[in-house]
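A.B. asks:
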Amino acid sequence: MPHHGATRRRRHGGERLVLRGPRGVGGVVEGEALVSRHGFSVRYDCDRARGIISRESHDLYGRSIVDKVLVFTTAKGGVASSWMLKDMRARGTAPRAILFRTTNPVLVQGAVLADVPLMHRLTPDPVETIRTGDWVQVDPGRGRVEITRRPR
Amino acid sequence: MRLTKEEREMLRGDRGPACREALTRQMAVGGFFGAKDFVRVRSAHVHCDMEAVDDPGLDYIEALAASGAQCVIPLTTDPRSVDFAFAGELKQDPALVRKEQRVVAALLKMGAVPCNTCITYQSVDQPVFGEHLAWGDTGVVIYANAVGGARSNYEGGPSAIWAALTGRTPRYGYHLDACRRGTVRVDLQVKPRSVSDWGAVGCLVGRRVNDYWQVPVLTGVANSPTPDALKHLGAALASYGSLAMFHLVGITPEARTLTEAFGGKTPPRNRLVVTARHLHQVYDSFVPEKSQPDVIVFGTPQLSLYEIRELAALFKGRRVKEGVTVLLTTNRFFKDMADQLGYTATITASGAKVLTGVCFYLMAARELARRNGFRTLLTDSAKLANTVAGYGYNTVFRPTAACVEAAVAGRVLGG
Chain X
1 MPHHGATRRR
11 RHGGERLVLR
21 GPRGVGGVVE
31 GEALVSRHGF
41 SVRYDCDRAR
51 GIISRESHDL
61 YGRSIVDKVL
71 VFTTAKGGVA
81 SSWMLKDMRA
91 RGTAPRAILF
101 RTTNPVLVQG
111 AVLADVPLMH
121 RLTPDPVETI
131 RTGDWVQVDP
141 GRGRVEITRR
151 PR
Chain C
1 MRLTKEEREM
11 LRGDRGPACR
21 EALTRQMAVG
31 GFFGAKDFVR
41 VRSAHVHCDM
51 EAVDDPGLDY
61 IEALAASGAQ
71 CVIPLTTDPR
81 SVDFAFAGEL
91 KQDPALVRKE
101 QRVVAALLKM
111 GAVPCNTCIT
121 YQSVDQPVFG
131 EHLAWGDTGV
141 VIYANAVGGA
151 RSNYEGGPSA
161 IWAALTGRTP
171 RYGYHLDACR
181 RGTVRVDLQV
191 KPRSVSDWGA
201 VGCLVGRRVN
211 DYWQVPVLTG
221 VANSPTPDAL
231 KHLGAALASY
241 GSLAMFHLVG
251 ITPEARTLTE
261 AFGGKTPPRN
271 RLVVTARHLH
281 QVYDSFVPEK
291 SQPDVIVFGT
301 PQLSLYEIRE
311 LAALFKGRRV
321 KEGVTVLLTT
331 NRFFKDMADQ
341 LGYTATITAS
351 GAKVLTGVCF
361 YLMAARELAR
371 RNGFRTLLTD
381 SAKLANTVAG
391 YGYNTVFRPT
401 AACVEAAVAG
411 RVLGG
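Protein chains in written order, with the numbering used here: chain X, 1 to 152; chain C, 1 to 415.
Printed below as a string of structure tokens:
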């Protein structure tokens with residue numbers, strides 16, 4: 001498996017990988033990964049009240065994003081999403097962190113308002129590297145993401 | 001980030017707690033994108049309809065206003081969720097209506113200009129070449145950058161308010177020359193015939209090039225498109241591709257030549273090609289579940305006076321089919337003109353409604369669907385066909401004239 005630049009080690013019988021990138025926003029968190037090969041917009045794709053992906057054509061359609069470390073290719077669409085992470089935090093339906101291959105400014109502004117950790121431009125590519133179900137620790141201040149994967 | 005004396009004073013709280021809050025948050029965003037300093041902006045444009053803002057956002061805006069927040073530059077507002085004149089008829093939630101009034105009151109207290117329009121550039125505030133702006137609503141940003149040659153990133157609602165309070169924004173992205181250069185070449189081998197066709201081009205390109213940091217360069221456009229055509233092209237590129245910039249070679253101000261569009265570099269050999277067949281495929285990709293649409297919407301972005309005039313001509317002397325709701329959305333400026341010129345009377349005589357200061361997908365669209373039994377939505381806006389699909393609608397995109405025919409016949413073709 002080509003994980004360029006990734007640190008790989010065994011720990012607790014699992015596999016450990018490290019992704020690095022520029023400094024993100026927000027504090028250190030960890031949680032279970034939910035990985036998409038699509039982009040993401042809170043307004044266009046998400047039912048905020050339930051914390052579920054509601055766009056029928058999305059590859060995570062019907063999946064809960066509550067307390068997940070979300071991984072998407074990019075942030076899509078409108079500026080409205082910048083209000084919505086704060087709303088989801090208040091409702092208890094927010095993701096724990098969001099990792100993008102690359103993001104637009106809107107989700108970053110929203111993450112800053114809502115204090116949701118967010119990072120992008122990680123190496124290796126989080127969309128290719130992280131798998132749904134992985135346990136992920138996100139450290140935006142250090143530009144570091146660590147994945148722990150249980151053996152199958 | 002490097003701060004000026006004035007910015008250090010803001011950070012110390014010399015300009016009050018709201019200004020300090022704003023600058024602090026802006027610095028976090030600037031840090032994320034590696035901004036070296038702030039740039040002063042002439043105006044800000046905020047998106048804060050109640051459906052997006054919701055209670056925590058409302059509390060935040062009201063708290064800023066209560067702590068003495070004052071805009072130091074013009075702050076215009078994007079469409080709201082409610083046209084107070086139609087809220088009852090469309091069965092909108094009274095609680096939403098009341099909260100909407102609170103948002104407007106808080107913004108007025110800060111000194112904002114609540115014009116409730118996503119076509120500022122066609123009405124209240126035109127972008128000027130080379131100036132820096134902090135505009136929200138993706139459609140106004142891409143129009144300001146591409147057509148006006150002004151410079152703005154997507155500023156989300158909170159971020160645009162921060163900019164209005166500090167008079168500046170972090171200098172990154174589309175404020176910098178390097179970001180504005182073309183990255184992808186698109187050859188247009190078809191002559192779009194309507195604003196919808198231009199929206200279809202935007203849809204097609206945006207589906208293929210969907211990254212905020214990409215800039216498509218379109219060649220093959222012989223004559224300057226109308227402002228409404230550019231509005232629909234930009235809105236669709238922004239909606240499908242999250243794009244903030246495009247160039248039309250020979251037409252938009254930073255693309256007098258193909259080479260200039262690519263920042264003086266050799267244009268890439270690879271290119272996307274758009275043909276008439278591709279445009280048909282865009283329309284065909286929106287399949288109606290049933291022949292009679294529940295609701296037909298014109299105006300995402302809001303309609304210009306000329307678009308209203310065109311619709312008045314198409315609806316003149318005709319009746320909208322029983323059971324079909326037809327909505328037009330525009331801003332206060334053009335509504336007043338349309339009233340005066342008799343366009344509104346012609347349109348409403350057909351049974352269609354002309355709404356002011358709103359945009360359909362901002363109107364708590366999921367709730368609107370539930371309360372009115374809306375599912376199949378027909379529109380001539382490529383953008384709306386995209387955005388509202390996330391709210392559980394079966395969306396169908398067709399050219400303007402076809403939408404009017406469907407309104408009268410109660411039947412949409414295709415699929």
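Backbone N, C-alpha and C define an ideal beta-carbon position, used for all residues, glycine too. Every value quoted in this text rests on a predicted model; they were computed, and no experiment measured them.
Is there a Cβ from chain X that is less than 7 Å from the Cβ of C/F32?
C.D. replies: As a working mapping, residue 32 of chain C is identified with position 32 in the second sequence. For C/F32, the answer is yes, since a Cβ of chain X falls inside 7 Å of its Cβ.
A.B. asks: My guess is that C/V412 and C/P288 are in contact by the Cβ rule of under 8 Å, so how many angstroms apart are they, rounded?
C.D. replies: In the second sequence, counting from the first residue as 1, residue 412 of chain C sits at position 412. In the second sequence, counting from the first residue as 1, residue 288 of chain C sits at position 288. With 8 Å as the limit, C/V412 and C/P288 qualify as a contact, their Cβ atoms being about 5 Å apart.
A.B. asks: Counting only C-beta atoms, is C/S242 closer than 7 Å to chain X at any point?
C.D. replies: Here residue 242 of chain C refers to the residue found at position 242 of the second sequence. Interface residue, yes.
A.B. asks: Sorted by chain position, which residues of the same chain lie with C-beta nearer than 6 Å to X/H4's C-beta, five sequence neighbours on each side aside?
C.D. replies: For the purposes of this step, residue 4 of chain X is taken as residue 4 along the first sequence, with counting starting at 1. Bear in mind that a pLDDT of 45 at X/H4, under 50, signals an unreliable position, so the model cannot answer this.
A.B. asks: Between C/L96, C/S152, C/L58, which has its C-alpha nearest X/M84's C-alpha?
C.D. replies: By one-based count along the first sequence, residue 84 of chain X stands at place 84. Here the closest residue by C-alpha is C/L58.
A.B. asks: Whose Cβ in chain D lies nearer than 9 Å to the Cβ of C/R25?
C.D. replies: Considering every chain present, this structure includes no chain D. Its protein chains are X and C.
A.B. asks: For X/D67 and chain C, any beta-carbon pair shorter than 7 Å?
C.D. replies: Against the first sequence, residue 67 of chain X aligns to sequence position 67. For X/D67, the answer is no, since every Cβ of chain C falls outside 7 Å of its Cβ.
A.B. asks: Short check: CB of X/T93 to CB of X/A75, under 7 Å?
C.D. replies: By 1-based counting over the first sequence, the position of residue 93 of chain X is 93. By 1-based counting over the first sequence, the position of residue 75 of chain X is 75. Contact: no.
A.B. asks: Which residues in chain C sit within 9 Å of X/D59, going by Cβ to Cβ distance?
C.D. replies: Numbered from its first residue, the first sequence carries residue 59 of chain X at position 59. By Cβ distance, chain C contributes nothing, its closest Cβ being about 14 Å from X/D59, past 9 Å.
A.B. asks: Tell me which residues of the stretch 102 to 120 of chain C have at least one Cβ-Cβ distance to chain X shorter than 9 Å, keeping chain order.
C.D. replies: Answer set for the stretch 102 to 120 of chain C: empty.
A.B. asks: For chain X, find out if any of its Cβ atoms is closer than 7 Å to the Cβ of C/A44; answer yes or no.
C.D. replies: As a first step, residue 44 of chain C is located in the second sequence; it is residue number 44 there, counting from the start. Taking Cβ atoms only, chain X never reaches closer than 7 Å to C/A44, which makes this a no.
A.B. asks: Between the stretch 33 to 45 of chain X and chain C, which residues of the former have CB atoms less than 7 Å from a CB of the latter, in chain order?
C.D. replies: Cβ contacts with chain C: G39, R43, Y44, D45.
A.B. asks: Alpha carbons only, please: which of C/R309, C/V404, C/L368 is nearest the one belonging to C/G351?
C.D. replies: Here residue 351 of chain C refers to the residue found at position 351 when the second sequence is read from its first residue. Per the Cα distances, C/V404.
A.B. asks: What would DSSP say about C/M363, mapped onto helix, strand or coil?
C.D. replies: Residue 363 of chain C sits at position 363 when you count from the first residue of the second sequence. In the structure shown, C/M363 sits in coil (DSSP, three-state: anything other than H, G, I, E or B).
A.B. asks: Using a Cβ-Cβ cut-off of 7 Å, state whether C/G323 counts as contacting chain X.
C.D. replies: Your numbering for residue 323 of chain C matches position 323 in the second sequence. No, C/G323 lies away from the interface with chain X (no Cβ there is under 7 Å from its Cβ).
A.B. asks: Check distances from the C-beta atoms of the stretch 79 to 92 of chain X to those of chain C and list, in chain order, the residues that come in under 8 Å.
C.D. replies: Those residues of the stretch 79 to 92 of chain X that come within reach of chain C (Cβ to Cβ, closer than 8 Å) are V79, A80, S81, S82, W83, M84, K86, D87, R89, A90.
A.B. asks: By how many angstroms is the C-alpha of X/I98 removed from the C-alpha of X/M1?
C.D. replies: Counted from its first residue, the first sequence places residue 1 of chain X at position 1. Counted from its first residue, the first sequence places residue 98 of chain X at position 98. Reliability of the predicted coordinates at X/M1 is poor, the pLDDT of 39 falling under 50, and the value obtained from them is presented with this limitation in mind. So the two alpha carbons sit approximately 24 Å from each other.
A.B. asks: Under 9 Å Cβ-Cβ, which residues of chain C neighbour X/V25?
C.D. replies: The residue labelled residue 25 of chain X in the question sits at position 25 within the first sequence. Those within 9 Å of X/V25 in chain C are A28, V29, G31, F32.
A.B. asks: Assuming C/W198 contacts C/A178 (C-beta within less than 8 Å), just tell me the rounded distance between them.
C.D. replies: Along the second sequence, one-based indexing puts residue 198 of chain C at 198. Along the second sequence, one-based indexing puts residue 178 of chain C at 178. Rounded, the Cβ-Cβ distance is 28 Å, inconsistent with contact.
A.B. asks: In chain C, what lies closer than 7 Å to X/V106 by C-beta?
C.D. replies: For the purposes of this step, residue 106 of chain X is taken as the residue at position 106 of the first sequence. The answer, in chain order, is Y154, G156.
A.B. asks: Which value, in whole angstroms, describes the spacing of the CA atoms of C/T266 and C/V249?
C.D. replies: Within the second sequence, residue 266 of chain C is the residue found at index 266, counting from 1. Within the second sequence, residue 249 of chain C is the residue found at index 249, counting from 1. So the alpha carbons of these two residues sit roughly 14 Å apart.
A.B. asks: Between the Cα of C/Y174 and those of C/K91, C/V186, C/G130, C/Q340, spot the shortest distance and give me the residue it belongs to.
C.D. replies: For the purposes of this step, residue 174 of chain C is identified with residue 174 of the second sequence, where counting begins at 1. Closest option to C/Y174, Cα to Cα, is C/G130.
A.B. asks: Which residues in chain C have a C-beta closer than 8 Å to the C-beta of X/T74? List them in chain order.
C.D. replies: Taking the first sequence and counting its residues from 1, one reaches residue 74 of chain X at position 74. Near X/T74 (Cβ distances below 8 Å), the residues of chain C are N210, D211, Y212, S242.
A.B. asks: Taking C-beta pairs closer than 9 Å, name the residues in chain C that X/T102 reaches, listed in chain order.
C.D. replies: Locating residue 102 of chain X in the first sequence gives position 102, where the first residue counts as 1. Within 9 Å Cβ-Cβ: D211, Y212, W213.
A.B. asks: By the three-class DSSP mapping on this structure, what secondary structure does C/R2 have?
C.D. replies: Against the second sequence, residue 2 of chain C aligns to sequence position 2. DSSP places C/R2 in coil when its eight states are reduced to three.
A.B. asks: DSSP on C/G157, reduced to helix/strand/coil?
C.D. replies: Counted from its first residue, the second sequence places residue 157 of chain C at position 157. Reduced to three states, the DSSP call for C/G157 is helix.
A.B. asks: Please list, in chain order, all residues of the same chain as C/V217 whose beta carbon is under 6 Å from its beta carbon, the five residues on each side excluded.
C.D. replies: The residue labelled residue 217 of chain C in the question sits at position 217 within the second sequence. So the qualifying residues of the chain are G182, R185, H247, A261.
A.B. asks: Please classify C/E51: does DSSP put it in a helix, a strand, or coil?
C.D. replies: Sequence index remark: in the second sequence, residue 51 of chain C carries index 51 (1-based). Correct three-state label for C/E51: helix.
A.B. asks: Whose Cβ in chain X lies nearer than 7 Å to the Cβ of C/V53?
C.D. replies: For the purposes of this step, residue 53 of chain C is taken as residue 53 along the second sequence, with counting starting at 1. The answer, in chain order, is W83.
A.B. asks: May I ask you to list the residues that DSSP assigns as paired with X/T102?
C.D. replies: Here residue 102 of chain X corresponds to residue number 102 of the first sequence, with the count starting at 1. The partner list for X/T102 (beta bridge, DSSP) reads X/T74.
A.B. asks: Roughly how many angstroms separate the alpha carbons of C/L74 and C/V113, rounded to a whole number?
C.D. replies: Indexing the second sequence from 1 puts residue 74 of chain C at position 74. Indexing the second sequence from 1 puts residue 113 of chain C at position 113. The residue asked about is misnamed: residue 74 of chain C is Pro in this sequence, not Leu. Spanning the two alpha carbons is a distance of roughly 7 Å.
A.B. asks: Please classify C/V273 as buried or exposed, where buried requires at least 16 neighbouring CB atoms within 10 angstroms.
C.D. replies: Looking up residue 273 of chain C in the second sequence gives position 273. That one is exposed.
A.B. asks: Please name the residue in C/Q292, C/P17, C/R366, C/M337 whose C-alpha comes closest to that of X/A49.
C.D. replies: As a first step, residue 49 of chain X must be located in the first sequence, where it is residue number 49. Closest option to X/A49, Cα to Cα, is C/R366.
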